[in-house]
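S.K.: Here's a structure for you.
Protein chains: 4
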Amino acid sequence: MKLPNPAELCIATLGPPRFPPPFAAQRRGTVDEARRVLVGALLPDHIEWAARGEAPPSFEPAGPRERVFFDGAVTTCGLLTAGGLCPGLNDVIRAAVMTLWHGYGGRRILGFRYGYAGVSSNSPVAPIELTPASVEHIHEQGGTLLGSSRGPQEVADMVRTLLRQRVDILIVVGGDGTLSGAQALVEEIHRQNLPIAVIGVPKTIDNDLFWVSKSFGFSTAVEEADRILRSAHAEARGAWNGVCLVKLMGRHSGYIAAHATLASGEVNFCLVPEVPFTLEGFLSELEARLRERHHALVVVAEGAGQELLAEAGPKETDASGNVKLKDIGTFLRDRMAAHFKARGLESTVRYIDPSYTIRSRSANSIDAEFCLSLGQQAVHAGMAGRTGMMVGQWNHHFTHVPLSLVAGKRRRLDPLGMVWQQVLATTGQPADLR
Amino acid sequence: MKLPNPAELCIATLGPPRFPPPFAAQRRGTVDEARRVLVGALLPDHIEWAARGEAPPSFEPAGPRERVFFDGAVTTCGLLTAGGLCPGLNDVIRAAVMTLWHGYGGRRILGFRYGYAGVSSNSPVAPIELTPASVEHIHEQGGTLLGSSRGPQEVADMVRTLLRQRVDILIVVGGDGTLSGAQALVEEIHRQNLPIAVIGVPKTIDNDLFWVSKSFGFSTAVEEADRILRSAHAEARGAWNGVCLVKLMGRHSGYIAAHATLASGEVNFCLVPEVPFTLEGFLSELEARLRERHHALVVVAEGAGQELLAEAGPKETDASGNVKLKDIGTFLRDRMAAHFKARGLESTVRYIDPSYTIRSRSANSIDAEFCLSLGQQAVHAGMAGRTGMMVGQWNHHFTHVPLSLVAGKRRRLDPLGMVWQQVLATTGQPADLR
Amino acid sequence: MKLPNPAELCIATLGPPRFPPPFAAQRRGTVDEARRVLVGALLPDHIEWAARGEAPPSFEPAGPRERVFFDGAVTTCGLLTAGGLCPGLNDVIRAAVMTLWHGYGGRRILGFRYGYAGVSSNSPVAPIELTPASVEHIHEQGGTLLGSSRGPQEVADMVRTLLRQRVDILIVVGGDGTLSGAQALVEEIHRQNLPIAVIGVPKTIDNDLFWVSKSFGFSTAVEEADRILRSAHAEARGAWNGVCLVKLMGRHSGYIAAHATLASGEVNFCLVPEVPFTLEGFLSELEARLRERHHALVVVAEGAGQELLAEAGPKETDASGNVKLKDIGTFLRDRMAAHFKARGLESTVRYIDPSYTIRSRSANSIDAEFCLSLGQQAVHAGMAGRTGMMVGQWNHHFTHVPLSLVAGKRRRLDPLGMVWQQVLATTGQPADLR
Amino acid sequence: MKLPNPAELCIATLGPPRFPPPFAAQRRGTVDEARRVLVGALLPDHIEWAARGEAPPSFEPAGPRERVFFDGAVTTCGLLTAGGLCPGLNDVIRAAVMTLWHGYGGRRILGFRYGYAGVSSNSPVAPIELTPASVEHIHEQGGTLLGSSRGPQEVADMVRTLLRQRVDILIVVGGDGTLSGAQALVEEIHRQNLPIAVIGVPKTIDNDLFWVSKSFGFSTAVEEADRILRSAHAEARGAWNGVCLVKLMGRHSGYIAAHATLASGEVNFCLVPEVPFTLEGFLSELEARLRERHHALVVVAEGAGQELLAEAGPKETDASGNVKLKDIGTFLRDRMAAHFKARGLESTVRYIDPSYTIRSRSANSIDAEFCLSLGQQAVHAGMAGRTGMMVGQWNHHFTHVPLSLVAGKRRRLDPLGMVWQQVLATTGQPADLR
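Residue numbers (the working numbering), protein chains in the order written: chain A, 2 to 435; chain B, 2 to 435; chain C, 2 to 435; chain D, 2 to 435.
Put into structure tokens, the structure is as follows:
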């Protein structure tokens with residue numbers, strides 16, 4: 002993981018801060034901007050930078066500022082959620098509304114409906130006004146109060162909507178595609194020289210964002226996946242040579258699969274995109290286990306083994322431009338059943354695909370707190386006039402991360418790293434299934 | 002629901018009771034057999050029978066007896082679980098083992114593995130000895146410690162196994178097919194004039210047994226289904242014209258679908274086998290709702306709408322002889338999507354099939370207690386020399402029900418009854434979707 | 002349990018039904034009043050009544066009627082909740098509002114605040130208007146949207162409030178004292194010859210109501226208590242000679258204690274009001290267990306062992322007139338610790354009193370569905386012009402039960418009955434701890 | 002927070018590594034010791050150290066080594082748990098046993114019972130042999146399989162027990178006092194020049210350990226506390242001027258109180274040891290809220306406001322030497338009630354103390370995975386011949402931390418830091434309650 006150049010970590014600002022925030026009168030702590038967060042936390046990084054005598058790469062810390070760019074009482078803030086559902090969306094919305102209202106005196110908060118579609122001039126639904134009363138209990142529900150959708154909209158058209166609605170700050174909660182869309186908005190706003198801040202809150206249940214140590218919803222997803230693995234384990238043990246296969250989220254990275262495997266402690270094989278395997282390698286190890294123990298629990302990340310599916314036709318993409326994955330779950334289920342039949346091994350193969358029930362849960366307590374912080378920090382950043390950035394977390398500190406830094410990059414499991422090595426130790430599966 | 006003839010409710014006995022049970026010395030309450038449980042609980046039934054001057058139909062009450070047929074200290078009890086998994090199987094096993102061991106001094110308790118297959122002479126695995134220590138914590142897990150399988154085995158061969166293993170009491174936990182198998186065993190044992198008791202514990206997560214007011218696992222299934230409906234509701238609301246379809250268990254009856262609908266309070270359409278609908282009727286009502294409210298949550302029982310699937314080829318059966326159902330879930334999902342596309346209605350249709358995660362959960366507290374009772378009552382019945390019966394519950398009393406009475410019959414929702422009328426009131430769906 | 006006289010089971014009505022309900026046009030099933038529910042469900046009861054040639058005692062069935070007394074569109078319905086909190090209160094409120102609004106076209110639904118205090122002319126808070134939108138999500142929260150309080154108010158003053166607010170139907174959700182208050186209201190209304198219906202929904206987390214087979218919230222309470230017993234069991238086992246004592250609700254009856262004991266399967270001693278014990282008897286058995294197994298889990302119902310506390314001063318009563326119980330929990334904790342110290346037995350005694358966290362939970366799925374039914378049935382009864390009654394459940398049917406029949410009576414565990422015998426079998430505790 | 006001197010971060014080793022571990026043959030990743038983890042993660046720290054041209058303070062990374070000190074096949078490992086219960090104890094035990102057995106071929110694993118008492122020569126119970134089978138399901142239970150106790154034992158006596166039992170590695174799971182005891186053992190072992198490794202796994206549900214970013218059980222504690230706050234919120238709203246006070250763990254620091262407050266989003270006042278308050282200041286703010294909103298939810302950490310209790314007599318200590326805290330919970334409850342009474346404000350004050358039900362829960366998925374890692378890392382450290390250290394986590398990396406570094410120090414909330422400022426923003430309580 003190559004450290005970024007320090008210049009890449011600078012955050013764009015609409016202009017100099019102009020007002021003390023209303024809460025300043027209460028002498029609440031504001032953030033010390035000098036306490037920047039080092040990107041590299043290991044000794045070799047330090048030594049390298051120290052040797053050069055340069056400032057090492059570091060993130061601007063998030064948090065409330067002494068002085069802000071907008072006057073809360075007359076500021077309009079827009080909110081939208083886009084892309085796939087993820088536990089905690091409503092918590093982020095609620096925290097942003099509460100912070101704007103109670104912290105900055107904001108009274109005009111607009112919720113754009115169904116992602117960027119709601120900012121388009123031909124949206125079938127108008128934005129709704131959000132107040133503390135209207136969001137009081139939404140965190141108890143999964144999904145998003147605002148609705149979501151995939152795919153971009155025409156950028157200049159969206160800027161016109163923002164102007165027509167007098168939006169000063171737009172907070173965008175979404176994944177890779179959504180944040181790229183936010184970056185495009187920033188560029189158009191900058192081109193038109195408008196004082197509109199665009200702040201991202203990164204959402205990826207797969208936890209694969211670069212330069213963000215943990216994304217919201219991930220903890221809940223692992224907890225719910227662990228719960229489903231308990232049932233799956235019972236299914237596997239309930240039949241003679243019972244195999245239960247569970248497909249978990251993870252288009253490009255196996256974080257949910259790997260961490261749910263560790264949380265469960267009952268998984269026998271964990272298959273992830275980062276570690277290639279062959280059908281023969283996997284099936285022969287699985288058969289060996291069945292012959293010895295007569296049951297097996299298998300976890301597969303949705304993006305694993307895509308190379309095995311290559312024969313099944315050309316690539317397709319969804320409305321967000323993401324490559325549509327072939328279904329590794331049903332593929333493996335069918336191949337396992339066929340293999341055991343061919344080998345004369347009486348077996349029962351069951352397949353569970355719990356994605357929707359996981360992603361649409363309400364946030365657990367860990368994510369609830371995390372989303373509260375993210376929503377608060379996004380508002381602090383927007384009020385301070387920051388733009389073109391998202392709120393991250395790094396080494397236990399909340400940070401400001403330029404949108405340009407993360408576009409199109411993904412964090413992936415390191416097959417020689419600690420997490421994957423623990424997966425191998427816990428499952429007992431061979432390091433190489435080829 | 003025609004009341005049975007009183008003669009049909011008599012329970013076969015191996016012979017007269019011979020021993021006081023060990024716990025008798027502690028003067029614990031035993032059951033008063035005169036307190037038989039009326040089958041009919043409504044006034045018209047009473048008046049009819051009173052007018053005839055006959056004894057009305059009534060069940061023998063379950064419970065510990067003053068004197069029993071077997072001497073616990075030298076009795077061997079066998080246990081097996083068969084058919085699909087269901088929350089509470091391990092609770093029943095545990096309760097039976099604890100009651101045999103602590104209540105009757107039984108020290109030889111055999112767990113046959115993988116259903117009737119484990120009683121066959123060519124079973125690949127021998128029965129395991131069960132003790133309080135080996136079952137202490139099994140109720141915290143879903144599934145069954147003993148494993149399960151579908152399908153019958155050769156009856157005379159199974160009786161030979163019972164004799165070889167010196168089994169005095171066989172407790173069989175299973176559904177319709179399993180209980181028919183138990184009845185066949187009883188008949189062969191009777192033909193050979195052997196003193197072996199066969200006791201059933203009825204298992205049907207669908208709750209569709211005749212003359213049993215509630216089957217174990219049903220409460221847990223409704224609770225887990227309700228939990229999944231919360232996620233499904235978030236999915237439906239998360240997209241513009243979002244529809245979420247959830248398939249729930251219920252091959253012949255819609256009890257889980259109906260009760261989960263009532264528990265949830267968020268369902269807009271509930272489709273069950275007992276209430277026919279046409280595709281046109283359902284889709285036009287669904288479209289109307291989407292156009293007005295822009296989201297919908299649909300529940301379908303797996304046995305609903307089978308007549309719509311008739312074109313899809315001839316009937317197939319599984320190893321238990323159950324007719325394999327066509328998949329109404331994927332059928333409806335595809336038809337909904339096609340309909341909205343044809344009608345030019347932008348929509349998002351999502352489908353959830355959570356069956357395995359529901360049925361393999363551990364029992365909730367309600368079922369845990371219920372299974373404890375069922376396991377205890379099954380042991381009391383077997384020790385008392387009863388045979389050819391199963392343990393039921395009726396009007397809040399535990400009962401003995403002849404196996405012959407329930408074979409091949411199923412309880413179904415009454416479309417004019419209270420539960421379905423509440424479903425209509427709660428969902429707001431029309432009474433007739435044709 | 003003496004069966005009531007049939008005359009006592011008649012339900013008062015404001016007058017003849019006058020209108021078809023709005024839903025009649027949809028030909029939904031209405032209840033057949035001839036299908037009255039027998040009170041006695043055992044054979045001896047039947048024979049006795051059949052011999053007399055009389056109609057046996059039976060309840061009027063609950064449910065929607067073909068014709069009703071009130072015109073929904075111009076009816077005002079008041080709702081209130083009184084007494085201690087209980088899981089499901091919000092579910093009952095929600096179901097009543099939804100049924101009034103969607104089923105009968107009711108548009109004026111008043112929520113009186115804080116029990117009867119809100120119907121008093123000197124209430125500090127006015128009633129709130131309830132709509133489907135305002136109650137949509139309240140079932141996800143414990144407690145009661147309306148607030149609660151204990152104690153009666155002046156009856157004539159409350160009737161004046163009902164008249165001033167033009168209330169036609171008052172639905173009262175509460176326990177013994179609250180229902181007695183409702184009966185007093187009915188009598189005053191009758192004396193003034195007013196067409197106001199008063200319908201009760203019985204609430205007692207202790208499940209001790211006569212002629213009602215199960216009260217709402219009980220299932221949730223048992224489930225939550227079971228969950229706490231898991232922690233308590235870990236506490237007991239975590240220390241050398243560890244004892245963990247858990248006090249559960251149950252002022253006069255040990256239903257929660259007994260059923261949580263059965264659901265848990267880990268309890269070693271269960272102490273209830275119905276089964277007297279002496280301190281010496283209990284402590285010597287507990288000591289014996291500690292010396293053998295080195296840990297023990299003890300459950301005590303709050304009303305148990307009150308006679309042991311008699312020395313601690315005269316009786317006191319709370320605002321509802323209920324006798325204030327002395328605290329058996331801290332008493333036992335202290336006596337156990339003192340006893341072990343005196344006997345030179347190193348031990349660790351821990352005490353858990355989880356009452357508030359149990360009673361203020363939201364309802365589980367079982368209670369959610371049950372409360373939905375109760376709220377619906379209460380509205381159907383009120384609209385039909387019934388009064389002076391509450392909604393009950395008996396032999397799996399919903400019933401109308403005269404308020405006069407239940408006042409001041411309580412159901413209690415039978416020490417020779419099935420439930421308590423199962424507790425003895427499951428805990429292994431002696432039948433007699435004196 | 003002053004950074005430690007680099008020399009203080011060095012880890013003692015029994016001797017040079019001698020064997021490749023059994024898993025080396027599978028070429029699994031081992032840790033790169035050069036990747037030491039920086040203690041300071043902020044820019045000012047870096048600049049300071051870079052300016053000095055010195056190596057900055059950094060932790061040795063945890064993980065499996067290329068070569069180890071002990072031959073697993075003939076190594077005896079002892080395990081013990083001491084101090085108060087905490088979610089995850091069984092997970093740590095299970096992970097250590099699994100790693101020793103499957104990773105290193107260890108076959109003699111001893112569980113000492115009830116803390117250091119089980120290592121004393123006059124322990125009433127012998128250690129138990131642990132195997133994968135005996136620990137397979139223990140993580141599903143709260144508490145600790147081994148039992149626990151407080152307080153030290155005679156050091157030389159314990160070393161004699163270790164020698165008699167041929168213990169090579171002792172893994173000690175416990176808090177501040179327990180780790181001090183481990184350090185004393187290390188010193189005596191060093192004095193006798195014995196090749197026995199002592200490895201600590203830090204346990205403090207309060208999350209207040211220095212140089213450890215998160216302690217196990219904390220995530221579960223916050224989740225369970227959040228769950229209880231939901232009930233408490235319902236209690237507060239259920240009565241006119243209802244106040245519900247919840248006491249949460251936190252003897253010296255308010256981490257659980259603060260984070261549960263953030264997770265809940267419903268708390269109105271959060272009182273912690275780090276932020277002093279006066280009774281007058283708190284009560285007048287609380288009264289103001291009641292008069293405006295008529296309910297309030299208050300959280301108090303057990304160590305908060307101890308100065309207010311000073312008058313209540315001299316300090317006492319428990320068996321571990323910890324100062325026994327006066328009960329701030331009952332004190333505040335009584336003072337609130339008295340204040341409202343004196344002020345003529347009708348109110349209902351309820352108090353919940355859920356400590357035992359929180360600490361004795363089983364670990365949630367987050368802690369389950371964390372404990373798995375801690376147990377694995379502790380074994381890797383011990384096998385590598387490390388001693389006098391504990392396993393920590395810092396900046397998302399697992400680390401080795403010298404026991405000497407943490408003894409007697411505690412991390413505390415910074416009243417000007419991010420977490421506390423978020424608490425103020427979320428509750429709306431004044432920064433100063435004096």
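For every residue, glycine included, the Cβ atom is placed at its ideal position computed from N, Cα and C.
(1) With the cut-off set at 8 Å, would you say G106 of chain D and A74 of chain D are in Cβ contact?
(2) What residue range does the alpha helix (DSSP H) around Q422 of chain A cover?
(3) Buried or exposed for D335 of chain A, going by 16 or more other Cβ atoms inside 10 Å?
(4) Taking only beta-carbon positions, decide if D227 of chain A is within less than 8 Å of chain D.
(5) Quick check: is the beta carbon of P45 of chain C nearer than 8 Å to any beta carbon in chain B?
(6) Could you give the residue range of the alpha helix (DSSP H) that holds M50 of chain D?
(7) What's the C-alpha gap between C271 of chain B and T349 of chain B?
(8) Per DSSP, which one or two residues make a beta bridge with A352 of chain D?
(9) Would you list, in sequence order, the uninterrupted beta strand (DSSP E) runs of no fewer than 3 residues that lie entirely inside the segment 96 to 138 of chain D?
(10) When the cut-off is 8 Å and only beta carbons count, does F399 of chain B lie next to chain C?
(11) Would you check if the distance between the CB atom of R95 of chain A and the CB atom of T221 of chain A is smaller than 8 Å?
(12) Is DSSP giving A157 of chain A helix, strand or coil here?
(13) Listed in chain order, which residues of the segment 105 to 138 of chain A have Cβ atoms closer than 9 Å to some Cβ of chain C?
(14) If we cut at 8 Å on Cβ distances, does A35 of chain B have a partner in chain C?
(15) Along chain C, which residues have their Cβ under 9 Å away from the Cβ of L81 of chain D?
(16) By Cβ distance below 8 Å, which residues in the same chain neighbour G409 of chain D in space, the five residues on each side in sequence not counted?
(17) Using a cut-off of 8 Å between C-beta atoms, extract the partners of I329 of chain A located in chain B.
(18) My assumption, with CB atoms under 8 Å, is that V300 of chain A sits in contact with A240 of chain A. Please give the rounded CB distance.
(19) Helix, strand or coil: which one does DSSP assign to S254 of chain D?
(20) With a threshold of 8 Å between beta-carbons, can E189 of chain C be considered close to chain A, or not?
(21) Which residues, in chain order, does the segment 354 to 375 of chain D contribute to contact with chain A at a C-beta distance below 8 Å?
(22) Taking the alpha-carbon of P5 of chain A as reference, which of A:V407, A:L434, A:T427, A:P416 has the nearest alpha-carbon?
(23) By Cβ distance below 6 Å, which residues in the same chain neighbour L195 of chain B in space, the five residues on each side in sequence not counted?
(24) Relative to chain B, which residues along the segment 260 to 288 of chain A have a C-beta separation below 9 Å, given in chain order?
(25) Which of helix, strand or coil does DSSP assign to P431 of chain A?
(26) For a contact meaning CB atoms closer than 7 Å, what does S232 of chain C contact in chain D?
M.R.: Inspection of the coordinates gives the following:
(1) yes
(2) 419 to 428
(3) By the C-beta density criterion, D335 of chain A is exposed, having fewer than 16 other C-beta atoms within 10 angstroms.
(4) yes
(5) yes
(6) Reading the sequence as shown, one finds Trp at residue 50 of chain D and not Met. Unbroken alpha helix (DSSP H) run through W50 of chain D: 44 to 53.
(7) One C-alpha to the other measures close to 19 Å.
(8) A small fix is needed here, since residue 352 of chain D is Tyr in this sequence, not Ala. According to DSSP, which records beta bridges pairwise, Y352 of chain D is partnered with D:L246.
(9) 109 to 112
(10) With 8 Å as the cut-off, F399 of chain B counts as an interface residue toward chain C.
(11) Result no, Cβ atoms of R95 of chain A and T221 of chain A do not sit closer than 8 Å.
(12) Here DSSP, grouped into helix, strand and coil, assigns A157 of chain A to helix.
(13) H138
(14) It does: the Cβ of A35 of chain B has a partner Cβ on chain C nearer than 8 Å.
(15) Result: empty, since nearest Cβ-Cβ is about 13 Å, beyond 9 Å.
(16) D177, S181
(17) The contacting residues do not exist; I329 of chain A stays about 18 Å from chain B at best.
(18) Not really, about 18 Å apart at Cβ, beyond 8 Å.
(19) coil
(20) Taking Cβ atoms only, chain A never reaches closer than 8 Å to E189 of chain C, which makes this a no.
(21) N365, S366, I367, A369, E370, L373, S374
(22) Cα-wise, what sits closest to P5 of chain A is A:V407.
(23) none
(24) none
(25) coil
(26) G143, Y357, T358, S361, R362
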